[in-house]
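Numbering of the sequence shown is given in this note's numbering, commencing with residue 82 and proceeding in unit increments.
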Amino acid sequence: MKTKLTLLLIAFVCLTSCSSSQKYFQPCASYKDFVSHLDAGYVYEKGLQNPLEKLALQNNDCTIVSFDEKGNDFLALPGHRPKKGRYMVFYEYLKYFLKEEDNQIYKIGIAIRVIAKIQTNSNGIDLSSMSALGEAYKKSKLTGAYTISVVGIESQEISNLIPVFPLRINEDSQKIIEENIAKIKNLIYDEATTITPNKISKRSSSL
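This is the structure in structure tokens:
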């Protein structure tokens with residue numbers, strides 16, 4: 082039985098480390114959309130002269146999803162050491178501003194996403210860190226692959242930095258991803274890059 086899960090994004094973490102936050106943001110699409118490289122939301126504003134000036138906030142998020150034997154999916158909170166099984170982990174760099182609409186607070190901006198699809202062979206592996214995944218791979222504790230996608234960021238040079246096919250998790254792929262993310266973050270400010278703020282995630286304003 083397949084279920085549709087609306088992921089909870091947890092703020093104020095780094096790409097190689099995840100931690101919990103008091104207030105949770107839900108992405109504007111399911112993780113299945115992320116894997117399909119679809120935008121997490123819809124375009125919020127077009128034609129802004131200096132859109133980056135509005136994106137004053139930035140942080141890195143991590144979301145962990147586990148799957149049971151029947152394929153049902155569940156949110157796994159960062160910090161816990163999971164049992165062996167199947168997981169998807171989302172590491173995201175976000176640059177955004179907050180806007181309240183219809184009793185919802187939205188993160189509106191751009192994102193760089195690294196998605197890891199993982200099969201662990203041991204209990205207690207730290208999935209919140211890409212470095213930890215690399216170490217676990219060396220010890221034959223997991224197998225899997227990375228993909229990279231972006232939301233609201235467009236240029237030919239950035240497109241060239243996004244691998245066409247998933248990269249198997251190992252020491253080499255981790256280095257490639259870290260280098261490409263650093264390059265993409267620099268290219269965000271390039272004149273040839275088009276920035277289009279999207280609704281990335283939301284939470285109830287009552288939280």
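Note that beta-carbon positions come from the ideal geometry of N, C-alpha and C, so glycine has one too.
**Study point:** Short Cβ contact (7 Å threshold) for Lys-202 with Ser-286
**Key:** By 1-based counting over the sequence shown, the position of residue 202 is 121. By 1-based counting over the sequence shown, the position of residue 286 is 205. First, the amino acid is wrong: residue 202 is Asn here, not Lys. Taking 7 Å as the cut-off, the beta carbon of Asn-202 is found no closer than this to the beta carbon of Ser-286.
Practice item. Just confirm the distance between the C-beta atoms of Ile-265 and Ile-276, as a whole number of angstroms; I'd bet it's less than 8 Å. Key: In the sequence shown, counting from the first residue as 1, residue 265 sits at position 184. In the sequence shown, counting from the first residue as 1, residue 276 sits at position 195. Separation of the CB atoms of Ile-265 and Ile-276 is rounded to 12 Å, and the pair is thereby denied contact status at 8 Å.
Check your understanding: Name the DSSP beta bridge partners of Ala-30, please?
Key -> The displayed coordinates of the chain run from 82 to 288. Any statement about residue 30 would go beyond what the structure contains.
Exercise for review: Please list, in chain order, all residues of the same chain as Ala-213 whose beta carbon is under 6 Å from its beta carbon, the five residues on each side excluded.
Suggested key: Here residue 213 is taken as the residue at index 132 of the sequence shown, counted from 1. Beyond the five residues adjoining it in sequence on each side, Ala-213 comes within less than 6 Å, by CB distance, of Asp-207 in the same chain, given in chain order.
Check your understanding: Excluding five sequence neighbours on each side, which residues of the same chain lie with their C-beta closer than 8 Å to the C-beta of Leu-223?
Key -> As a first step, residue 223 must be located in the sequence shown, where it is residue number 142. Cβ within range, chain order: Ile-199, Gln-200, Thr-201, Asn-202, Ser-203, Ile-206, Leu-214, Ala-217, Ile-250.
Check your understanding: Quick one: what does DSSP say Ala-213 is sitting in, helix, strand or coil?
Key -> Here residue 213 refers to the residue found at position 132 of the sequence shown. Three-state result, Ala-213: helix.
Check your understanding: Exposed or buried, which one is Ser-221 when buried takes at least 16 other CB atoms within 10 Å?
Key -> Residue mapping note: residue 221 aligns to position 140 of the sequence shown, counting from 1. With a threshold of 16 other beta carbon atoms within 10 Å, Ser-221 falls short and is exposed.
Check your understanding: What does a CB cutoff of less than 8 Å around Leu-179 pick up in its chain, not counting 5 residues either side in sequence?
Key -> Locating residue 179 in the sequence shown gives position 98, counting from the first residue. Contacts found: Leu-138, Ile-186, Tyr-187, Lys-188, Ile-189.
Practice item. Pick helix, strand or coil for Asp-120, following the three-state DSSP scheme. Key: Within the sequence shown, the letter at position 39 stands for residue 120. Only weak support exists for where Asp-120 lies, its pLDDT of 40 falling under 50; the coordinates are left without a value.
Point to revise | Distance CB(Ala-192)-CB(Val-146) smaller than 7 Å | key: For the purposes of this step, residue 192 is identified with residue 111 of the sequence shown, where counting begins at 1. For the purposes of this step, residue 146 is identified with residue 65 of the sequence shown, where counting begins at 1. 7 Å or more divides the Cβ of Ala-192 from the Cβ of Val-146.
Review point. Within 10 angstroms of its Cβ, does Asn-279 collect 16 or more other Cβ (buried), or is it exposed?
Key: Taking the first residue of the sequence shown as 1, we reach residue 279 at position 198. Buried is the call here.
Check your understanding: To which residues of the same chain is Glu-235 closer than 6 Å at the C-beta, ignoring the five residues directly before and after it?
Key -> Here residue 235 refers to the residue found at position 154 when the sequence shown is read from its first residue. Excluding sequence neighbours, Glu-235 sits near Thr-275.
Review point. By the 10 Å Cβ neighbour count, where 16 or more other Cβ atoms means buried, how is Gln-237 classified, buried or exposed?
Key: The count along the sequence shown starts at 1 and reaches residue 237 at position 156. Looking at its Cβ environment, which holds fewer than 16 other Cβ atoms inside 10 Å, Gln-237 is exposed.
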